[in-house]
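Asks: These protein sequence lines are chains A and B, in that order. Just so you know, the numbering used here puts 364 at position 318 of the first sequence, and the rest follows in order with no gaps. Just so you know, the numbering used here puts 215 at position 169 of the second sequence, and the rest follows in order with no gaps. Got a structure here, written out as structure tokens. Questions coming.
Number of protein chains: 2
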Amino acid sequence: MSQSNRPETEAVPARRKFLNTAALAGLAGVVGCTEKAAPAAAPAAAPAASAATSSAASGIHLKPGELDSYYGLWSGGHNGDVRVLGMPSGRELLRIPCFRPDALVGWGITNESLDVMGRNAEGGPLYNVADTHHLHASYKDGNYDGRYAWVNDKLNSRIARIRLDYFVCDKITTLPNVQGFHGIFPDKADPVDPAINYTTRVFCGAEFSIPLPNDGTDANVPEKYRSLFTCVDAETMEVRWQVLIDGNCDLTATSYDGKLAATNQYNVEMGVHYEDMMSAERDACLFFNIARIEEAVKAGKFTTYGTSKVPVVDGTQAANKDPLTALTGYVSVPKNPHGVNASPDGKYFICAGKLSPTTTTIELSKVLDWFDGKLQNIDDSIVAEVEVGLGPLHTAFDGRGNAYTTLFLDSQMVKWNVEKAIAYHNGDKTAEYIIDRLDVHYQPGHTNATQSETKAADGKYLAVGCKFSKDRFLPVGPFHPENEQIVDISGDKMVLLADHPVRGEPHDFIIFKRDIIKTKQVYDLDESPLAIKDPKESGVFRDGKKVTVKITSQAPAFSMREFTLKKGDEVTLILTNLDKIEDLTHGFAIPKYNIQFIINPLETKSVTFVADKPGVFWAYCSTFCHALHLEMRTRMIVEA
Amino acid sequence: MSQSNRPETEAVPARRKFLNTAALAGLAGVVGCTEKAAPAAAPAAAPAASAATSSAASGIHLKPGELDSYYGLWSGGHNGDVRVLGMPSGRELLRIPCFRPDALVGWGITNESLDVMGRNAEGGPLYNVADTHHLHASYKDGNYDGRYAWVNDKLNSRIARIRLDYFVCDKITTLPNVQGFHGIFPDKADPVDPAINYTTRVFCGAEFSIPLPNDGTDANVPEKYRSLFTCVDAETMEVRWQVLIDGNCDLTATSYDGKLAATNQYNVEMGVHYEDMMSAERDACLFFNIARIEEAVKAGKFTTYGTSKVPVVDGTQAANKDPLTALTGYVSVPKNPHGVNASPDGKYFICAGKLSPTTTTIELSKVLDWFDGKLQNIDDSIVAEVEVGLGPLHTAFDGRGNAYTTLFLDSQMVKWNVEKAIAYHNGDKTAEYIIDRLDVHYQPGHTNATQSETKAADGKYLAVGCKFSKDRFLPVGPFHPENEQIVDISGDKMVLLADHPVRGEPHDFIIFKRDIIKTKQVYDLDESPLAIKDPKESGVFRDGKKVTVKITSQAPAFSMREFTLKKGDEVTLILTNLDKIEDLTHGFAIPKYNIQFIINPLETKSVTFVADKPGVFWAYCSTFCHALHLEMRTRMIVEA
């Protein structure tokens with residue numbers, strides 16, 4: 047550790063000591079991989095209780111009716127959805143269902159949502175579970191443009207797109223040939239056409255190596271195990287191409303000029319047990335030359351696997367020995383890195399060490415030099431490799447040259463200066479690159495700052511996703527919330543402002559200025575071809591056993607007060623909400639028929655079901671809409 | 047309106063005016079049912095922007111690490127779950143899955159959760175949607191005792207119980223013979239045995255009348271439509287008995303002495319269209335004499351319907367004309383009441399008028415007098431019926447004699463004094479029962495105060511569930527959050543402290559002191575008969591095609607690093623988390639197999655599936671647990 051850069055250790059509350067010990071259980075001999083690893087129970091920085099100053103904190107405690115100044119988009123972890131927060135208050139404004147059903151809005155119930163999710167053999171949603179990790183949004187001119195966000199499903203290797211006008215998921219794509227799709231990042235420009243200064247591709251890194259094809263035949267042949275890096279088209283959401291690689295993928299980053307994407311690799315060993323996965327002293331940050339890959343695809347230099355038609359180019363080291371033609375370049379970084387983040391000045395990618403107490407700063411112009419034959423050893427693109435603390439995972443930026451890295455084992459945020467770290471790495475041992483440390487509570491994973499991953503990084507607030515909350519909230523039984531902490535980074539010292547509990551596991555998030563988003567509050571009737579534009583079009587339309595029910599809602603009534611079906615009818619019910627006042631959402635719930643969904647102003651949705659239970663079923667408005675909301679019902683009569 | 051009791055009208059922001067107009071759309075001619083209805087666009091009280099004082103607000107803005115002083119338990123609406131909040135900060139600490147699947151914890155995926163939820167024909171959860179409205183907790187000596195909470199599912203007429211040690215749902219019961227089960231309330235004592243000074247029954251009111259039995263035959267015979275009031279045993283969760291009634295049920299309340307339960311009725315007309323439902327000038331608050339009902343059941347004076355064996359006694363007016371033997375008593379209250387709440391002094395039930403601008407205060411001792419033949423007309427139990435504002439829905443209490451009623455149409459809270467209202471009703475027109483009004487944002491439904499529904503009501507904070515948020519938060523597309531507002535009620539004037547967005551529809555909630563709850567943070571291995579107590583017991587145990595996989599977790603590894611199955615195996619996988627450190631939760635996710643669940647410290651869970659897809663599947667820990675969390679996997683090999 048760079049002890050000279052650490053502030054004096056202060057009195058440590060007993061619960062921190064316990065926590066650090068707990069987090070290290072089972073890790074004996076692992077973090078001790080550098081000689082000077084600090085003792086586990088000696089975190090620095092001021093005790094949290096006195097950390098929040100009233101002046102800084104007042105900014106995040108909004109008065110009733112005051113609006114937040116930033117949006118936050120958070121992945122929902124194995125909730126399988128996306129969270130929308132107001133920042134800096136940390137208030138959750140919306141959850142957007144993506145990969146798994148959602149009882150509130152009827153995601154997985156309506157035909158429209160099933161069209162996005164995909165259907166299983168019984169016609170229900172393809173999957174009921176998911177695991178979202180990383181969320182990033184579309185760019186233009188190096189800043190977010192408010193069009194789209196994308197989020198991954200690690201569990202079933204799916205990518206979902208969110209429309210940021212209606213704040214809904216509109217497309218889901220399954221990646222072929224991979225398992226454990228983890229890192230995701232949109233490009234920020236086209237590598238070739240300077241007019242395309244906005245996102246047109248999304249890059250996806252797969253973590254788990256599997257036999258190709260994965261049909262159960264080569265399960266015990268280690269050399270058959272492979273991982274791929276995938277490019278998805280931002281507009282069509284089709285998979286454009288994949289790259290076969292050595293080692294695995296973890297997180298993903300992209301350069302501002304569109305020329306490079308990268309993934310950190312924590313398992314170059316291709317181990318299947320964790321001891322094997324960390325046997326090598328160094329792993330890698332793997333760079334992709336996007337223009338060359340797309341030229342290779344265009345030139346037909348690809349293969350395909352199994353039934354997938356996606357072109358796969360060869361990005362292995364053996365096939366890319368000549369830098370002048372290489373599609374990929376492997377930069378060596380210390381042991382099991384986690385997290386690769388692009389600095390807002392466009393110059394660097396920074397890998398955090400996880401099992402190494404270091405961060406590695408890679409200069410992108412030098413990587414391009416290597417691809418151009420101007421740099422002999424690609425590892426010479428490393429301009430800093432400095433110690434920052436135990437368990438570094440992810441890095442955020444303030445736009446003033448400083449980086450903020452989560453230290454999982456130290457339960458700290460460390461603020462360090464990139465140029466000073468480079469100077470220190472270059473031999474200037476007087477360069478005090480560690481600026482500040484702040485205790486967080488506890489075991490931080492992801493972090494991000496306002497506008498951090500854009501050219502407009504403004505260094506106002508930092509959010510820290512602490513994986514453990516321990517004693518920070520009232521106890522609620524065995525399953526603890528995680529703790530999102532909000533930190534003021536506008537001054538030299540970090541100031542902890544607030545703790546926010548959150549249902550696991552939010553993972554990654556982005557925070558950006560509110561004026562970037564222009565939402566639509568009311569649907570356009572023409573968004574749905576099924577829209578019923580006039581209540582007079584309502585009715586029960588029969589074609590043998592196939593029945594279409596058309597109905598509209600206008601508070602406090604549905605257009606039909608009752609409708610009659612016959613047992614065994616195959617029913618499609620279409621509902622248009624003709625209320626056009628903002629916030630006047632209705633719901634439609636049918637007892638015993640497993641149907642409930644909401645319809646926003648001027649929105650249309652449909653459900654399909656078999657009328658298999660005779661009787662009277664009061665379908666009712668499930669979303670409070672009006673003083674006569676309870677009375678807003680329609681009687682579905684199913685004749686025996 | 048009692049104009050003399052209203053403070054002077056101040057300048058009204060334009061958005062409030064718009065909102066009130068919008069809320070009244072479609073209601074023309076409805077709220078005008080009393081002569082003196084106030085104009086819709088003239089709310090009183092101070093503008094919200096200046097409402098929060100820094101001294102009052104500082105109490106709810108906790109410093110990092112500070113704990114809340116109250117728990118809040120909130121129903122999750124058509125999220126189908128229960129929310130646990132820290133109060134007064136309003137931070138959400140947990141969501142407890144009940145009626146619908148939950149991707150995060152694997153509710154609806156594990157065998158243990160399916161045992162609680164019930165299974166459909168394919169073995170999946172019985173229902174994927176739900177609609178929770180009202181949540182209440184078990185009592186002892188007139189205060190909560192921290193054992194259980196119960197919540198209803200209006201959509202499928204189910205009641206769920208929450209264990210308040212582990213904060214999990216442990217039982218779900220479906221009510222027979224009813225539809226639209228809405229109001230719910232536990233009793234607070236036994237009506238006969240004074241030693242039973244705690245909850246042993248939960249009462250459930252059904253809103254929708256249906257033909258009995260509901261088999262599709264009498265759908266168009268109005269006189270066959272009936273509603274029932276149900277009693278569920280608090281311990282066994284079995285349905286004890288039901289009462290056939292005239293009219294419908296809405297909310298439910300119980301007396302502190304255990305003798306009376308009541309439900310407000312908004313549709314004594316038994317109308318099927320909303321115009322019919324509000325044709326009568328007065329509806330009712332229907333009282334149940336619990337001891338007499340249970341005597342009747344014991345005496346065999348009951349019937350049953352269809353396949354249900356639940357005894358149903360006759361509580362209709364025609365069968366209960368003699369007060370001395372009556373099981374039920376119908377107290378007349380104005381038009382379409384909503385909400386019935388018990389005052390903490392044990393004396394009164396208060397019905398809110400909804401379509402009448404009044405609250406009706408009923409003295410319980412007089413209702414008992416009527417059952418004892420000491421009061422000739424049961425309506426003489428009404429001791430106050432006073433105007434409070436437009437659209438009164440629900441009432442909370444401060445333990446100092448004041449009531450706080452939500453005014454849906456006025457978008458206000460009104461604070462009024464119960465004894466002064468009684469004096470006013472008795473002819474003292476100088477009694478200024480309206481104490482204060484506060485604008486809320488907007489259209490409040492439920493409200494509750496700290497400890498309000500107990501004898502320990504302490505009058506510190508009030509929460510208001512505003513159904514519309516309109517412009518109070520950053521826009522997130524067409525689906526707005528609702529707005530939970532927190533109000534300081536410790537002084538004479540109500541002070542608005544904070545806005546909290548919430549995903550619809552939370553409906554009802556309770557707030558109580560934190561020392562009432564004693565949670566368990568770590569499971570007992572013996573909670574599950576399947577627990578694997580030693581990693582050495584791990585393995586794959588085959589009985590023909592039936593395969594049991596036993597596996598344990600201890601960070602950063604599973605007890606088996608791989609296991610092999612054959613295609614077509616019927617697999618039950620049992621996982622015990624042998625980590626016993628608080629907050630050290632693991633997850634278990636199998637790609638493509640639709641399986642993901644979490645296991646808390648020393649918890650055991652199981653899943654059953656058919657190994658129908660050959661290949662290699664990296665089952666991984668999905669809940670961040672350790673620095674080597676990403677490396678914590680086991681390889682499931684399914685041989686073709």
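Note that the Cβ used here is the ideal one computed from N, Cα and C, for glycine as well. Remember, it's a predicted structure, so these values are computed and weren't measured experimentally.
1) Would you identify the three-state DSSP class for B/GLU158, choosing helix, strand or coil?
2) What does A/ARG247 touch in chain B if you count any residue whose Cβ is under 8 Å from its own?
3) Where A/LEU113 and A/ILE563 are concerned, what is the direct C-alpha to C-alpha distance, given to the nearest angstrom?
4) Would you verify that the beta carbon of A/GLY491 is, or is not, closer than 9 Å to some beta carbon of chain B?
5) Could you give the C-beta distance for B/ARG141 and B/ASP127, rounded to a whole number, given that I count them as a contact under 8 Å?
6) When DSSP labels each residue in this structure, what does A/ARG679 get in the three-state scheme?
7) Here's a check: name, in chain order, each residue in its chain whose Cβ is nearer than 6 Å to the Cβ of A/SER389, leaving out the five neighbours to either side.
8) Scan the stretch 654-672 of chain B for residues whose Cβ lies nearer than 9 Å to a Cβ of chain A and list them as they occur along the chain.
9) Does DSSP classify B/ALA544 as helix, strand or coil?
10) Is there contact between the stretch 285-295 of chain B and the stretch 312-324 of chain B, where contact requires at least three CB pairs shorter than 8 Å?
11) Count the other C-beta atoms from every protein chain shown that fall within 10 angstroms of the C-beta of B/ASP554, then say buried if there are 16 or more, exposed otherwise.
12) Helix, strand or coil: how does DSSP classify A/ASN623 here?
13) Taking A/HIS124 as part of the beta strand (DSSP E), name the residues at either end of that continuous run.
14) If we ignore side chains and look at the alpha-carbon of each, how far apart do A/LYS591 and B/SER378 end up?
15) According to a CB-to-CB cut-off of less than 8 Å, which residues of the stretch 503-518 of chain B neighbour chain A?
16) Here's the rule: buried if 16 or more other CB atoms are within 10 angstroms of the residue's CB, otherwise exposed. What is B/LYS475?
17) Within the 9 Å Cβ cut-off, does A/GLN497 reach chain B?
18) For A/ASP161 and chain B, any beta-carbon pair shorter than 9 Å?
19) Taking the alpha carbon of B/TYR491 as the reference point, which residue from B/THR565, B/ALA544 and B/LEU439 has its own alpha carbon closest?
20) Do the CB positions of B/THR680 and B/PHE609 come within less than 9 Å of each other?
21) Short check: CB of B/ILE230 to CB of B/THR219, under 9 Å?
22) Is A/ILE339 helix, strand or coil by DSSP?
23) Is the Cβ of B/HIS107 closer than 9 Å to any Cβ of chain A?
24) Between which two residues does the alpha helix (DSSP H) harbouring A/TRP416 extend?
25) Going by alpha carbons, who is nearest to A/PHE254 out of A/HIS546, A/SER203, A/PHE333 and A/PHE525?
26) Return the CA-CA distance between B/ARG33 and B/PRO527, expressed in angstroms with no decimal places.
27) When DSSP labels each residue in this structure, what does B/MET459 get in the three-state scheme?
28) Would you check if the stretch 644-659 of chain B and the stretch 520-537 of chain A touch, i.e. whether three or more CB-CB distances between them fall below 8 Å?
29) Just verifying my parser: in three-state terms, what is the DSSP assignment at A/VAL556?
30) Identify, in the order they occur along the chain, each residue of the same chain with its Cβ nearer than 6 Å to the Cβ of A/ALA467, setting aside the five sequence neighbours on each side.
31) By the 10 Å Cβ neighbour count, where 16 or more other Cβ atoms means buried, how is B/GLU321 classified, buried or exposed?
32) Would A/GLN225 count as contacting chain B if we go by Cβ distances under 9 Å?
33) Scan the stretch 401-424 of chain B for residues whose Cβ lies nearer than 9 Å to a Cβ of chain A and list them as they occur along the chain.
34) For A/THR374 versus A/TYR394, is the C-beta distance shorter than 9 Å?
35) Determine, using beta carbons only, whether A/TYR117 comes closer than 9 Å to chain B.
36) Have a look at A/ALA364 and A/GLY385 and give me their C-alpha separation to the nearest angstrom.
Replies: Here's the rundown:
1) Correct three-state label for B/GLU158: helix.
2) Those within 8 Å of A/ARG247 in chain B number zero; the least Cβ separation is about 25 Å.
3) 14 Å
4) yes
5) B/ARG141 to B/ASP127, Cβ: 5 Å. Contact.
6) strand
7) PHE443
8) LYS659, PRO660, GLY661, VAL662, PHE663, TRP664, TYR666, SER668, THR669, PHE670, CYS671 and HIS672
9) strand
10) Cβ pair count under 8 Å is three or more, so yes.
11) buried
12) strand
13) Unbroken run through A/HIS124: none, as it is neither H nor E.
14) 47 Å
15) LYS513, PHE514, SER515, LYS516 and ARG518
16) exposed
17) no
18) no
19) Here the sequence assigns Gly to residue 491 of chain B, which means Tyr is not the residue at that position. Ranking the options by Cα distance to B/GLY491, first place goes to B/LEU439.
20) yes
21) Not closer than 9 Å, so no.
22) Secondary structure of A/ILE339 (DSSP, three-state): helix.
23) yes
24) First-last of the alpha helix (DSSP H) with A/TRP416: 410-417.
25) A/SER203
26) Residue 33 of chain B cannot be examined here, being either before or after the span of chain B that is shown, 47 to 686.
27) strand
28) Contact between the stretch 520-537 of chain A and the stretch 644-659 of chain B is present, because at least three Cβ pairs lie under 8 Å.
29) Going by the sequence as given, residue 556 of chain A is Ile instead of Val. In the structure shown, A/ILE556 sits in a strand (DSSP, three-state: E or B).
30) Hits under 6 Å: ALA430, VAL432 and TYR479.
31) exposed
32) yes
33) Along the stretch 401-424 of chain B, going in chain order, the ones with a CB nearer than 9 Å to a CB of chain A are LEU401.
34) no
35) yes
36) 26 Å
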